[in-house]
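Protein chains in written order, with our numbering: chain A, 70 to 278; chain B, 8 to 525. No residue lacks a Cβ here, since even glycine has one placed at the ideal position from N, Cα and C. Right, one structure below, let's go through it.
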Amino acid sequence: MNQSPVVVLLDDDPGVRRSLSLALSLAGYQVEAYATAEDLLRGLDPSQPGCLVLDLRMPGMDGLEVQQALGDRGCSLPVIFMSAYGDIPTTVRALKAGAVDFLEKPFSTESLITRIEEAIAIDRRQRAQKVLRQTIIERAGHLTGRETEVMQLVTAGLSNKDIARQLEISPRTVEKYRARVMEKMHADSIADLCQMVATSPGLGARHPE
Amino acid sequence: MAGGRPEGGASGGPGVESHKDLFTQLCDWSPIGYAVFDIDGRLIELNEAGVRLLGGGSRSEWVGQSLGPLLDPTQSERVLRHLQEACDGTGEAREHPCIVNVFVPGEQGGSRRLQFFSRPHPTGGGRLCLTAFQDISAEVQRRESERQRQAVLDALSAQIAVLDATGRIIAVNEAWRRFARGNGASSELESGIGLNYIDACCDVSAEDPDRLAQRSAEGIRAVINGDAPLFTLEYPCHSAQSQRWFLMSVTPLGRDFGGAVVAHMDISERVHAEQASRRRREEVAHASRLSSVTVLAASLVHELSQPLAAAQLYSEAAATLGRQEPLDNAHLLSVVGDMRGQVDRATRIVDQLRRFMRRGEIKKEPSRLEERVLEAAALVAPLARRKRVRLKLDLSSEPVIVRVNPLQIEQVLVNLLCNAIEAIELADSPVRNIRVELERLAEQVRVTVADTGPGLDPEWLPRIFEVWETRKESGMGMGLAISRTIVEAHGGRIWVEPGANGAVLHFTLPLHDEGDPA
Chain A
70 MNQSPVVVLL
80 DDDPGVRRSL
90 SLALSLAGYQ
100 VEAYATAEDL
110 LRGLDPSQPG
120 CLVLDLRMPG
130 MDGLEVQQAL
140 GDRGCSLPVI
150 FMSAYGDIPT
160 TVRALKAGAV
170 DFLEKPFSTE
180 SLITRIEEAI
190 AIDRRQRAQK
200 VLRQTIIERA
210 GHLTGRETEV
220 MQLVTAGLSN
230 KDIARQLEIS
240 PRTVEKYRAR
250 VMEKMHADSI
260 ADLCQMVATS
270 PGLGARHPE
Chain B
8 MAGGRPEGGA
18 SGGPGVESHK
28 DLFTQLCDWS
38 PIGYAVFDID
48 GRLIELNEAG
58 VRLLGGGSRS
68 EWVGQSLGPL
78 LDPTQSERVL
88 RHLQEACDGT
98 GEAREHPCIV
108 NVFVPGEQGG
118 SRRLQFFSRP
128 HPTGGGRLCL
138 TAFQDISAEV
148 QRRESERQRQ
158 AVLDALSAQI
168 AVLDATGRII
178 AVNEAWRRFA
188 RGNGASSELE
198 SGIGLNYIDA
208 CCDVSAEDPD
218 RLAQRSAEGI
228 RAVINGDAPL
238 FTLEYPCHSA
248 QSQRWFLMSV
258 TPLGRDFGGA
268 VVAHMDISER
278 VHAEQASRRR
288 REEVAHASRL
298 SSVTVLAASL
308 VHELSQPLAA
318 AQLYSEAAAT
328 LGRQEPLDNA
338 HLLSVVGDMR
348 GQVDRATRIV
358 DQLRRFMRRG
368 EIKKEPSRLE
378 ERVLEAAALV
388 APLARRKRVR
398 LKLDLSSEPV
408 IVRVNPLQIE
418 QVLVNLLCNA
428 IEAIELADSP
438 VRNIRVELER
448 LAEQVRVTVA
458 DTGPGLDPEW
468 LPRIFEVWET
478 RKESGMGMGL
488 AISRTIVEAH
498 GGRIWVEPGA
508 NGAVLHFTLP
518 LHDEGDPA
């Protein structure tokens, strides 16, 4: 989380690669430039934050295939594609595969930076959510079976009374469980708790009949 | 009249008597038949010519005979009625001769046509008539053939005028009259007969920038004078409604008469067809160039966008560096140099494309063939790279000079290379090479373009160089037709090597003789 973001470049054209590296370095980015898809896949550390700027059409493995290969390895770095002209089918395929944006060459440094900022923000958000999800799952792991049941029913919107009836315990007992769930999950409010459950699939409430 | 003495004939002295004999002789020499018929159609008197005209024999045999046996019943009746009317002077016979035409058997099984002129015999008492008759077969035939000629002329769609030796119009056909009517000519101009065609041409010469009328006049005169066997001239004659062209042809009428036949033929359809096909050819040539360009365009756009993208990024980097304190001049200059390098790269690409696309005829010049190959290879290199096809150029070490239009030869090479790349790509061939080879022969050079694609379909082979043959949607087949046109226009030949692995195309170009003027 504390690592500074890296912009990873892939372009087989030396002129484009060098000028991009220079422009982005001058704008203050840490740049990692690759000439071939193979080099990139070998050299990339998926855990480092940042984004990818890929040339869409290249001899050998093209940008789309790189995107695919990275996805297969569980790397979710946002991708910005550069292309001379993106034909519609290719564009659709790339966007479906999670590309953040397309830039048609030539483009200004500024427009690239705008997109890189967006991509880095997305990456940061994704990473934060990932961390948050892990925390939530970890906390939920400390809940007892009954506490988990109560949490699921509460976040499904049932009142204490309804929960008591369903679990065949007293409303007062429900209240006690509920307080303990809030504490263990570090939730400030019911809304907070609902959000945690929503962002962490697997904790979701089973729907009461 | 020989053998008879007309009753009540003039009597007088021996002088008169001798005149009579002379007239009798004259009658016998005459080509015209003279006869006396009675009211029953029997011959009373007949001269020698008459005997001949009726088919020969002796005069005495004819006397007392009617013409009946010579004639078919209808004609026989007509002749008898004619003679009767002449005898009794009824009808108009008293004032005017009665005229009747009959056919009588002639020589060689044919028939001759006789015309009878008859008047009452002055002293025949209404029972005799005087008849002169002549053979009009030739005249009838002449008129008949005249009518036929006119019918033939009228049947022709060309506008025809027959001119005499002075250039005066002596006959025109229906098409001529129709055309004159259509153009609002007056009735005397409509036939034009009597007008002098040559003079008419000379009259309009004033307002004729192409001297068409003057040239026509000269042409007609030349044909009439026997200086030329034929004169033709194609000329436009557009009306408000349509664009029309005519072909004027002038041929001699025949030596005996002098004169000429002038025919104007509407060739608009042919000219339109020619124009359409010329346009078509140009379109095909252009389309072929464009289709090659279309194929190349994608990679050229890519190719151009690279240096442009780099140049833009360098320029922005330069601006950033320029604002930095302290100013790093050396770095800034190196970035500007890089930028310049990218701009040069873009310019080269645009130059190549522009040269390739430029239309219009450029004249042939001595040119190094290996340079043409390199230019063409450079043009298709991006496409080849993208399709992972290797171009192997096997060029001769010494220069091969050909006298060509360099761009057209590059176009041929680009066509062949693009075809080869496409073939390899479509077949997804595992080995992806194209070999270009120059081989110097005695007086020519042979260029070979061989690919490792699937080769050419033998069925397709015979038509490979035809204009509309194509096996691909890209329309590359058209490129082959253009290639052939270009190669042949340079005195070379293009062909496919049969039975080769992959497609192997050869073409030849004559070597430039160093002694030739450039």
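Hey, quick one: how far does the beta strand (DSSP E) through residue i stretch, first residue to last?
i, result
"A/I259", "From DSSP, A/I259 is part of no beta strand (DSSP E) but of the alpha helix (DSSP H) over 259–268."
"B/Q141", "135–142"
"B/R120", "118–127"
"B/A449", "Element bounds for B/A449: n/a, residue is neither H nor E."
"A/V100", "99–103"
"B/I408", "408–411"
"A/D170", "168–173"
"A/I149", "148–152"
"B/A247", "Element bounds for B/A247: n/a, residue is neither H nor E."
Is it buried or exposed, residue i, if we count other Cβ atoms within 10 angstroms and call 16 or more buried?
i, result
"B/E368", "Any reading at B/E368 must be qualified, since the residue scores a pLDDT of 48, below 50, and its modelled position is unreliable; no value is offered."
"B/S249", "exposed"
"B/H245", "exposed"
"B/T239", "exposed"
"B/F30", "exposed"
"B/K399", "exposed"
"B/I310", "The residue you asked about is not Ile; residue 310 of chain B is Glu in the sequence shown. B/E310 is buried by the Cβ-count criterion."
"B/S65", "exposed"
"B/L334", "exposed"
"B/A383", "buried"
"A/D170", "buried"
"B/S374", "buried"
"A/A163", "buried"
"B/A317", "buried"
"B/S67", "exposed"
"B/A325", "buried"
"B/N336", "exposed"
"A/K230", "exposed"
"B/E323", "buried"
"A/S73", "exposed"
"B/E377", "buried"
"A/I259", "exposed"
"A/G97", "exposed"
Residue i touches chain A at which residues, Cβ-Cβ below 9 Å?
i, result
"B/D345", "G84, R87, S88, L91"
"B/P314", "D82, G84, V85, P175"
"B/Y321", "G84, R87, S88, L91, A92"
"B/Q359", "None at all; the shortest Cβ gap to chain A is about 17 Å."
"B/V342", "S88, L91"
"B/A337", "Result: empty, since nearest Cβ-Cβ is about 14 Å, beyond 9 Å."
"B/A383", "Per Cβ cutoff of 9 Å: no residues; B/A383 is ~21 Å from chain A at best."
Could you please give the first and the last residue of the uninterrupted alpha helix (DSSP H) stretch that includes residue i?
i, result
"A/G132", "132–141"
"A/A188", "178–209"
"A/Q221", "214–224"
"A/Q117", "Premise fails: A/Q117 is in no alpha helix (DSSP H) and is neither H nor E."
"B/F186", "181–189"
"A/K230", "229–236"
How many whole angstroms separate the CB atoms of residue i and residue j, which I take to be in contact at a CB cut-off of 8 Å?
i, j, result
"A/L139", "A/D131", "Wrong, their Cβ atoms sit about 13 Å apart, outside the cutoff."
"B/R228", "B/G201", "About 19 Å; that fails the 8 Å criterion."
"B/I428", "B/K394", "5 Å"
"B/W2", "B/L50", "Here chain B has residues from 8 to 525 only, and residue 2 of chain B is not among them."
"B/A353", "B/L381", "That belief does not hold up - the Cβ atoms of B/A353 and B/L381 are roughly 20 Å apart, past 8 Å."
"B/F124", "B/A139", "5 Å"
Whose Cβ in chain B lies nearer than 7 Å to the Cβ of residue i?
i, result
"A/A153", "V308, H309, S312"
"A/T178", "L320, E323"
Using a C-beta to C-beta distance shorter than 9 Å, which residues of chain B count as neighbours of residue i?
i, result
"A/R126", "H309, R393"
"A/L95", "E323, A324, T327, L328, Q331"
Can you pull the chain A neighbours of residue i, defined as C-beta to C-beta under 7 Å?
i, result
"B/V503", "Result: empty, since nearest Cβ-Cβ is about 30 Å, beyond 7 Å."
"B/Q349", "G84"
"B/A388", "Under the 7 Å cutoff, chain A gives no residues; its nearest Cβ is about 12 Å from B/A388."
Mind pulling the chain A residues with CB within less than 8 Å of residue i?
i, result
"B/A165", "Neighbours of B/A165 on chain A: none; closest Cβ ~59 Å, over 8 Å."
"B/A283", "Going along chain A, no residue has its Cβ under 8 Å from B/A283, so there is no contact; the nearest lies around 36 Å."
- Which ranges would you report for the alpha helix (DSSP H) in the region 62–87 of chain B if only whole runs of at least 4 residues count? 66–69
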